[in-house]
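In this text, residue positions in the sequence shown follow the numbering used here: the first is 6, and each later residue adds one.
Here a beta-carbon is modelled for each residue, glycine too, at the ideal position from N, C-alpha and C.
Remarks on the structure that follows.
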Amino acid sequence: PTSTTAYSYKATDSAFTPASQCSLGNTVTVAPTLIVGAITPSIPSIDNAQSIILTAHPTGGVTPYSFQWHSGTSATCTSDTTTLGTSATQTVSPTANTYYCYTATDAASSTQSSPTDLVTVNSILVAGTVTPSSPAIDNGQSVTLTANPSGGTNPYRYQWYLSTNTVCPSSASIATTANLLVSPTTSTYYCYTVTDSSNGNPALSVTSAAFLVTVNPALAAGPITPSSPTVDKGQSITLTANSSGGTTPYQYQWYSGLSPTCSVDTTQLGTASTQMVSPTSLTYYCYRVTDGSIGGPTASATSVTDLVAVSPALVADAMAPPSPSIDNGQSIAFTAKPSGGSGPYSYQWYSDGTCTVPIPSATSSTYTASPSSTTSYAYKVSDSAYSPSSVCSQGNTVTVNSALIAGPISPLNPTIDNGQTITLTSHASGGTPSLSYQWYLDGTCGTSILGANLSTYTTSPTVTGIYSYKVADSAFSPSSQCSVQDTVTVASVLAAGAVTPVSPKIDNGQSITLTANPSGGVTPYAYQWYSDGTCTSAISIAVSSTYNASPTATTTYSYKITDSATSPVALCSGGDTITVNPALLAAAPSPSSPMIDAGHSIVLASHPSGGTPPLSYQWYIDGTCSTLIPSAT
């Protein structure tokens, strides 16, 4: 039948008179065709280690049904030969993708096989880690946290939590999305719970480990060091960024320009935390720092500008005075003459010309030296640039001359005759050439003589005077010395007085002593006698103040007198004539040998000849001129 139908039968036997009997009716119920419906859940996904209950869904046929489950790797049930349970449901825990099907047999013994149902087995659900991992952000930034579960069955469902410690989950649940935008102001722990869409049992939900979002102070671009440095032209200086806060590592970009406003300074330099620069003029520098934070917006800060002043290159100019000469015992003050560089300067003096031998404690801009011999000096100047520059000056040689001495005047204490001229000569020694002089009309260099400024002085004093001179040298600080005094004694004018006796007369054979009579001048005198009246014919060895002459004929004599003045004066006397008469003869008185009578008188007469008149007489009363007769003259 194709539909429910009642059936009966009538039985007729074979009696002669057949008997017929109708049976009770019997209804044949015609059920719908047995259909094995799809397994539910259809094509489920489970996680490894989960189980799932598969349910058969036959329809039609005649209940009750009987079941047989099968599993295998084929999408065709007849090929899946692993038999399982015999109930309408089947709990399975496959570890890999597996096909399942069932056969249903109804009470009418009709058997049908279901389509296969693929149970997909995914790997075990793992909560995974959040990205970014252990992020650090700056205060004021936000960061998007992303859950990164793996395994399990998509889609996932999320629940985020925050906490002040590592205990997770906490009671502070927040978002339910895969990504979470957070803006903590202090370091905060986060975690999430992920539940997948598996059809398996038990339902899986896993929680990530708590992870810390570190919140650092806001990024600040601190001032550049050194602050407002000064360098010398040609020098380099390393500028250092001083960032703080934010999240390390930092990234830098340096800029330079002429403006104190960093945004205007567009010349890009290096990208390190330090920047070496070598400006040739005043230049502003700044930097922009970006930190390692992964938060948003990107953390960036710009420093204030740092002005690097540029001084001219440091020069140790020649010291003053240059190449001086001094006298032994003198001092000289040197002055350093640096230029350029960055003040204030510091100094060190050296007793050589190459800045090798330092002079202890000689550290000022001036140095007073007292060398005893010729010495070279130099100074080293260091400026106050951020990296101080040091320069050595050229050597400066101090020539040391012997000490200036005003030696004695020559001639020493001279004597001159009035009217004479004398040249006084200084005898200075040592000192630094050239020497200059001044003569004085005293012994203490007090009363200067106008125009007397040579090394000699010629004078014609009329009276005795005292002289001195002052000598000054050409040392850098000129030295001067006053000589000891020199007395010039002025004697009266030398005169060669007349010879005495004046115009004498002698007899031939007689001698006469002539006497020189000089006056004035400077004694002692020196004499020379001459046998003429003009000091022409010198008489040998006649060099005393007297001369004993024995002329045989009338002769004129003179003498030359030379005094002992410093410049001796010599004068010739007037001539003195000695008249030489014949020799005196006393002839016998007359009468010769007279005879007279007693009582008589007789006149005796003398008879001299020669000699020098007038003659004088003396009579004697003997024949030997022994007993004179008084008044008989």
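**Request:** Look at Ser377 and Gly436 and say whether their C-beta atoms are less than 9 Å apart.
**Result:** The criterion of a C-beta distance shorter than 9 Å is not satisfied by Ser377 and Gly436.
**Asked** Sorted by chain position, which residues of the same chain lie with C-beta nearer than 6 Å to Asp296's C-beta, five sequence neighbours on each side aside?
**Response** Excluding the 5 residues flanking it on each side, Asp296 has same chain C-beta neighbours closer than 6 Å at Leu224, Gly251, Thr252, Tyr255 and Ala304, in chain order.
**Item:** Assumed close pair Asp270, Ser278 - CB separation to whole angstroms, cut-off 8 Å
**Value:** Actually they are not in contact, since the Cβ atoms of Asp270 and Ser278 sit about 18 Å apart, beyond 8 Å.
**Message:** Just to check my reading of the structure: Ala408 and Asn333 have Cβ atoms closer than 8 Å, yes? What is that Cβ distance to the nearest angstrom?
**Reply:** Confirmed, about 5 Å.
**Item:** Local conformation of Cys82 per DSSP, three classes
**Value:** In the three-state reduction of the DSSP assignment, Cys82 falls in the helix class, which pools H, G and I.
**Prompt:** Skipping 5 residues on each side, what residues in its chain have a beta carbon closer than 6 Å to that of Thr38?
**Reply:** Here Thr38 has Gly65 as same chain residues with Cβ atoms under 6 Å from its own Cβ, once five neighbours each way along the sequence are excluded.
**Asked** Can you name, in chain order, every residue of its own chain whose Cβ lies under 6 Å from the Cβ of Ser395, other than the five neighbours on each side?
**Response** Lys385 and Ser387.
**Message:** Do Gln533 and Tyr564 have their beta-carbon atoms positioned less than 9 Å apart in this structure?
**Reply:** Going by C-beta atoms, Tyr564 is nearer than 9 Å to Gln533.
**Item:** Closest by C-alpha distance to Lys475, when choosing among Ser439, Val294, Trp444 and His75
**Value:** If we check each option's Cα against that of Lys475, Trp444 comes out closest.
**Asked** To which residues does DSSP link Ala592 through a beta bridge?
**Response** Ala592 has His612 as its beta-bridge partners, per DSSP.
**Message:** What residue range does the beta strand (DSSP E) around Met600 cover?
**Reply:** Segment: none, Met600 is in no beta strand (DSSP E) and carries neither H nor E.
**Request:** Compare the Cα-Cα distances from Ser356 to each of Pro349, Ala367, Ser347 and Gly348 and report the closest residue.
**Result:** The shortest C-alpha separation from Ser356 is found at Ala367.
**Exposure label - Val468; buried when at least 16 CB within 10 Å** = Flag for Val468 reads exposed.
**Prompt:** Are the CB atoms of Asn127 and Ala152 nearer to each other than 9 Å?
**Reply:** In this structure, Ala152 does not lie closer than 9 Å to Asn127 by Cβ.
**For Pro63, the residue or residues it bridges with in DSSP** = BP columns for Pro63 point to Val41.
**Message:** Please report the distance separating the alpha-carbon of Gln258 from that of Val172.
**Reply:** So the alpha carbons of these two residues sit roughly 42 Å apart.
**Message:** Quick check on DSSP: helix, strand or coil for Val309?
**Reply:** Looking at Val309 - three-state DSSP - the assignment turns out to be coil, as it is neither helix nor strand.
**Message:** Checking the sheet assignment: what are the DSSP bridge partners for Met281?
**Reply:** Note: Met281 sits in a beta bridge opposite Thr243.
**Message:** According to DSSP, simplified to helix, strand and coil, what is Val269?
**Reply:** The three-state secondary structure of Val269, taken from DSSP, is helix.
**Item:** Of the listed residues Thr276, Pro302, Ala314 and Cys267, nearest to Thr288 (C-alpha basis)
**Value:** The shortest Cα separation from Thr288 among Thr276, Pro302, Ala314 and Cys267 belongs to Ala314.
**Request:** Output the distance between the C-alpha atoms of Pro618 and Ile511, rounded to the nearest integer angstrom.
**Result:** Distance between the alpha carbons of Pro618 and Ile511: 10 Å.
**Asked** Using the beta-carbon count (16 or more within 10 Å), is Pro523 buried or exposed?
**Response** Taking all protein chains in view, the Cβ of Pro523 is crowded by 16 or more other Cβ atoms within 10 Å, so the residue is classified as buried.
**Prompt:** Under three-state DSSP, which class holds Val468?
**Reply:** Reduced to three states, the DSSP call for Val468 is coil.
**Request:** Would you kindly work out how many angstroms separate the C-alpha atoms of Thr285 and Asn144, rounded to a whole number?
**Result:** Spanning the two alpha carbons is a distance of roughly 41 Å.
**Request:** Give me the Cα-Cα distance between Gln55 and Ser192, rounded to the nearest whole angstrom.
**Result:** Approximately 38 Å, taken between the alpha carbons.
**Prompt:** Can Phe72 and Thr108 be called in contact, C-beta distance under 9 Å?
**Reply:** The answer is yes: Cβ separation under 9 Å.
**Item:** Touching by the beta-carbon criterion (3+ pairs, under 8 Å), the stretch 446–457 and the stretch 413–421
**Value:** Counting Cβ pairs under 8 Å, fewer than three are found: no touch.
**Request:** State the beta-bridge partners of Ser13 as determined by DSSP.
**Result:** DSSP output for Ser13 lists no bridge partner at all.
**Item:** Residue interval of the beta strand (DSSP E) (run including Gly358)
**Value:** That residue, Gly358, is in no beta strand (DSSP E); it is neither H nor E in DSSP.
**Message:** Would Ile414 and Ser488 be called neighbours here (beta carbons separated by less than 9 Å)?
**Reply:** Yes; because the gap between Cβ atoms is below 9 Å, this pair is in contact.
**Asked** To the nearest angstrom, how far is it from the Cα of Thr91 to the Cα of His75?
**Response** Taking the straight line joining both Cα atoms gives about 10 Å.
**Item:** CB contact flag (Thr158, Asn206, <9 Å)
**Value:** No.
**Message:** Could you check whether the stretch 39–49 touches the stretch 114–122, counting it as contact only if at least three pairs of C-beta atoms, one from each stretch, sit closer than 8 Å?
**Reply:** The stretch 39–49 makes contact with the stretch 114–122: 3 or more CB pairs, one atom from each, lie closer than 8 Å.
**Pair within 9 Å by beta-carbon distance, Thr103 and Thr78** = Result yes, Cβ atoms of Thr103 and Thr78 sit closer than 9 Å.
**Request:** Check Ile583 in the structure and name its three-state DSSP category.
**Result:** If DSSP states are grouped into helix, strand and coil, Ile583 belongs with the strands.
**Message:** Considering only their Cβ atoms, is the gap separating Ser611 from Tyr622 smaller than 9 Å?
**Reply:** Yes, Cβ-Cβ distance for Tyr622 and Ser611 is below 9 Å.
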